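Chemist:
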Amino acid sequence: MSQANDILQQAQARAAAQGLPYAGAVTPAEAWQLAQTLPGAVIVDVRTHAEWQWVGVVPNAELIEWKSYPGMAANPNFLTQLKTKVDPEQVVMFLCRSGARSHDSALLAAQHGYTAAMNILEGFEGDKDAAAHRGTVNGWKVAGLPWQQG
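The opening position of the sequence shown corresponds to residue 330 in this note's numbering, with each subsequent residue numbered one higher.
This is the structure:
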(Lines of atoms letter the chains of each structure in order from A; the text may use other names.)
(Lines give C-alpha, C1' and ligand atoms only; values in the text may rest on other atoms or scores of the structure.)
Protein backbone atom coordinates (compact mmCIF):
# COMPACT_ATOMS: atom_id res chain seq x y z
CA MET A 330 0.00 0.00 0.00
CA SER A 331 2.96 2.36 0.50
CA GLN A 332 3.59 2.36 -3.27
CA ALA A 333 -0.02 3.42 -3.81
CA ASN A 334 0.40 6.16 -1.20
CA ASP A 335 3.57 7.35 -2.94
CA ILE A 336 1.73 7.51 -6.26
CA LEU A 337 -1.17 9.42 -4.70
CA GLN A 338 1.25 11.93 -3.15
CA GLN A 339 3.03 12.41 -6.50
CA ALA A 340 -0.33 12.86 -8.22
CA GLN A 341 -1.39 15.49 -5.69
CA ALA A 342 1.95 17.29 -6.02
CA ARG A 343 1.58 17.41 -9.83
CA ALA A 344 -1.92 18.82 -9.49
CA ALA A 345 -0.74 21.47 -7.03
CA ALA A 346 2.25 22.42 -9.20
CA GLN A 347 0.02 22.79 -12.26
CA GLY A 348 -2.81 24.52 -10.40
CA LEU A 349 -5.26 21.77 -11.30
CA PRO A 350 -8.70 22.01 -9.65
CA TYR A 351 -8.94 18.29 -8.88
CA ALA A 352 -7.11 15.80 -6.66
CA GLY A 353 -4.29 14.66 -8.91
CA ALA A 354 -2.66 13.80 -12.21
CA VAL A 355 -1.20 10.34 -12.81
CA THR A 356 0.87 8.78 -15.55
CA PRO A 357 -0.64 5.79 -17.34
CA ALA A 358 1.68 3.41 -15.44
CA GLU A 359 0.70 4.98 -12.11
CA ALA A 360 -2.99 4.72 -12.99
CA TRP A 361 -2.64 1.03 -13.81
CA GLN A 362 -0.73 0.42 -10.56
CA LEU A 363 -3.41 2.18 -8.51
CA ALA A 364 -6.19 0.31 -10.31
CA GLN A 365 -4.47 -2.98 -9.46
CA THR A 366 -3.48 -2.29 -5.85
CA LEU A 367 -5.74 0.36 -4.34
CA PRO A 368 -9.11 -1.07 -3.26
CA GLY A 369 -11.94 0.75 -4.99
CA ALA A 370 -9.76 2.69 -7.47
CA VAL A 371 -11.51 3.00 -10.83
CA ILE A 372 -10.44 3.99 -14.33
CA VAL A 373 -13.18 5.73 -16.30
CA ASP A 374 -12.56 5.87 -20.04
CA VAL A 375 -14.38 8.94 -21.41
CA ARG A 376 -13.62 8.42 -25.08
CA THR A 377 -16.33 7.68 -27.65
CA HIS A 378 -17.95 4.35 -28.49
CA ALA A 379 -16.08 4.49 -31.82
CA GLU A 380 -12.73 4.86 -30.04
CA TRP A 381 -13.49 1.98 -27.69
CA GLN A 382 -14.50 -0.22 -30.62
CA TRP A 383 -11.74 0.66 -33.10
CA VAL A 384 -8.78 1.79 -30.98
CA GLY A 385 -9.08 -0.41 -27.88
CA VAL A 386 -9.96 -0.33 -24.19
CA VAL A 387 -8.33 -0.84 -20.81
CA PRO A 388 -9.49 -4.05 -19.12
CA ASN A 389 -12.12 -3.43 -16.42
CA ALA A 390 -12.37 0.31 -17.09
CA GLU A 391 -15.78 1.91 -16.78
CA LEU A 392 -16.85 3.30 -20.16
CA ILE A 393 -18.74 6.61 -20.07
CA GLU A 394 -18.64 8.89 -23.12
CA TRP A 395 -17.78 12.54 -22.46
CA LYS A 396 -18.74 13.41 -26.03
CA SER A 397 -20.39 11.29 -28.71
CA TYR A 398 -19.02 10.54 -32.16
CA PRO A 399 -19.43 11.69 -34.91
CA GLY A 400 -20.70 15.13 -33.92
CA MET A 401 -18.78 15.22 -30.62
CA ALA A 402 -21.83 16.54 -28.81
CA ALA A 403 -21.45 16.62 -25.03
CA ASN A 404 -23.02 13.70 -23.18
CA PRO A 405 -25.81 15.36 -21.13
CA ASN A 406 -26.00 12.26 -18.92
CA PHE A 407 -22.30 12.03 -18.09
CA LEU A 408 -22.60 12.99 -14.43
CA THR A 409 -25.64 10.77 -13.86
CA GLN A 410 -23.86 7.82 -15.47
CA LEU A 411 -20.73 8.49 -13.42
CA LYS A 412 -22.73 8.57 -10.19
CA THR A 413 -24.33 5.19 -10.97
CA LYS A 414 -20.93 3.55 -11.56
CA VAL A 415 -18.50 5.30 -9.20
CA ASP A 416 -18.89 6.37 -5.57
CA PRO A 417 -17.73 9.98 -4.96
CA GLU A 418 -15.33 8.76 -2.25
CA GLN A 419 -13.48 6.37 -4.59
CA VAL A 420 -10.24 7.21 -6.35
CA VAL A 421 -11.45 7.78 -9.92
CA MET A 422 -8.99 8.27 -12.76
CA PHE A 423 -10.25 9.59 -16.09
CA LEU A 424 -8.73 8.47 -19.41
CA CYS A 425 -9.23 9.80 -22.93
CA ARG A 426 -7.15 9.86 -26.12
CA SER A 427 -4.58 12.46 -25.07
CA GLY A 428 -5.59 13.93 -21.69
CA ALA A 429 -7.93 16.79 -22.65
CA ARG A 430 -11.41 15.25 -22.27
CA SER A 431 -10.20 13.42 -19.17
CA HIS A 432 -9.07 16.75 -17.68
CA ASP A 433 -12.56 18.16 -18.28
CA SER A 434 -14.15 15.03 -16.79
CA ALA A 435 -11.97 15.19 -13.68
CA LEU A 436 -12.85 18.88 -13.28
CA LEU A 437 -16.60 18.22 -13.52
CA ALA A 438 -16.35 15.27 -11.13
CA ALA A 439 -14.43 17.35 -8.59
CA GLN A 440 -17.03 20.11 -8.84
CA HIS A 441 -19.70 17.52 -7.96
CA GLY A 442 -18.14 16.00 -4.88
CA TYR A 443 -15.61 13.50 -6.23
CA THR A 444 -12.82 14.19 -3.76
CA ALA A 445 -10.25 11.91 -5.42
CA ALA A 446 -10.85 12.71 -9.11
CA MET A 447 -7.70 12.48 -11.23
CA ASN A 448 -6.63 12.91 -14.82
CA ILE A 449 -4.53 10.25 -16.53
CA LEU A 450 -1.84 12.24 -18.31
CA GLU A 451 -0.92 11.44 -21.94
CA GLY A 452 -4.15 9.49 -22.47
CA PHE A 453 -4.62 6.20 -24.30
CA GLU A 454 -2.84 7.16 -27.52
CA GLY A 455 -0.62 10.02 -26.34
CA ASP A 456 0.71 13.10 -28.04
CA LYS A 457 1.32 13.43 -31.78
CA ASP A 458 4.80 12.73 -33.15
CA ALA A 459 6.61 14.78 -35.83
CA ALA A 460 4.46 13.12 -38.51
CA ALA A 461 1.26 14.05 -36.58
CA HIS A 462 0.62 10.40 -35.62
CA ARG A 463 -0.47 9.30 -32.16
CA GLY A 464 0.63 6.09 -30.48
CA THR A 465 4.39 6.54 -30.83
CA VAL A 466 5.42 9.21 -28.31
CA ASN A 467 3.69 8.45 -25.01
CA GLY A 468 0.37 7.31 -23.57
CA TRP A 469 -1.17 4.08 -22.31
CA LYS A 470 -0.41 1.93 -25.35
CA VAL A 471 3.18 3.16 -25.74
CA ALA A 472 3.79 2.40 -22.04
CA GLY A 473 2.99 -1.24 -22.81
CA LEU A 474 0.10 -1.39 -20.34
CA PRO A 475 -2.75 -3.88 -20.75
CA TRP A 476 -5.41 -3.11 -23.33
CA GLN A 477 -7.76 -5.01 -25.59
CA GLN A 478 -9.07 -4.41 -29.07
CA GLY A 479 -12.73 -3.40 -28.86
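Backbone N, C-alpha and C fix where the C-beta goes; we use that ideal spot for every residue, glycine too. Note that the structure is predicted; figures quoted are calculated from it, not measured.
Determine contact between the segment 418-425 and the segment 435-448, defined as no fewer than three beta-carbon pairs at a distance below 8 Å.
Modeler: Yes: at least three Cβ pairs fall under 8 Å.
Chemist: Select from G385, D458, N406 and L367 the residue whose C-alpha is nearest the C-alpha of E418.
Modeler: Here the closest residue by C-alpha is L367.
Chemist: By the 10 Å Cβ neighbour count, where 16 or more other Cβ atoms means buried, how is K457 classified, buried or exposed?
Modeler: Burial call: exposed.
Chemist: Contact between the segment 451-471 and the segment 434-442: three or more CB pairs below 8 Å?
Modeler: The answer is no - the segment 434-442 does not touch the segment 451-471, with fewer than three Cβ pairs under 8 Å.
Chemist: Does the beta-carbon distance from K412 to A403 come in below 8 Å?
Modeler: Against a cut-off of 8 Å, the Cβ pair of A403 and K412 comes out as no contact.
Chemist: Check L437 in the structure and name its three-state DSSP category.
Modeler: Helix.
Chemist: E359 by DSSP, collapsed to three states: which one?
Modeler: Looking at E359 - three-state DSSP - the assignment turns out to be helix.
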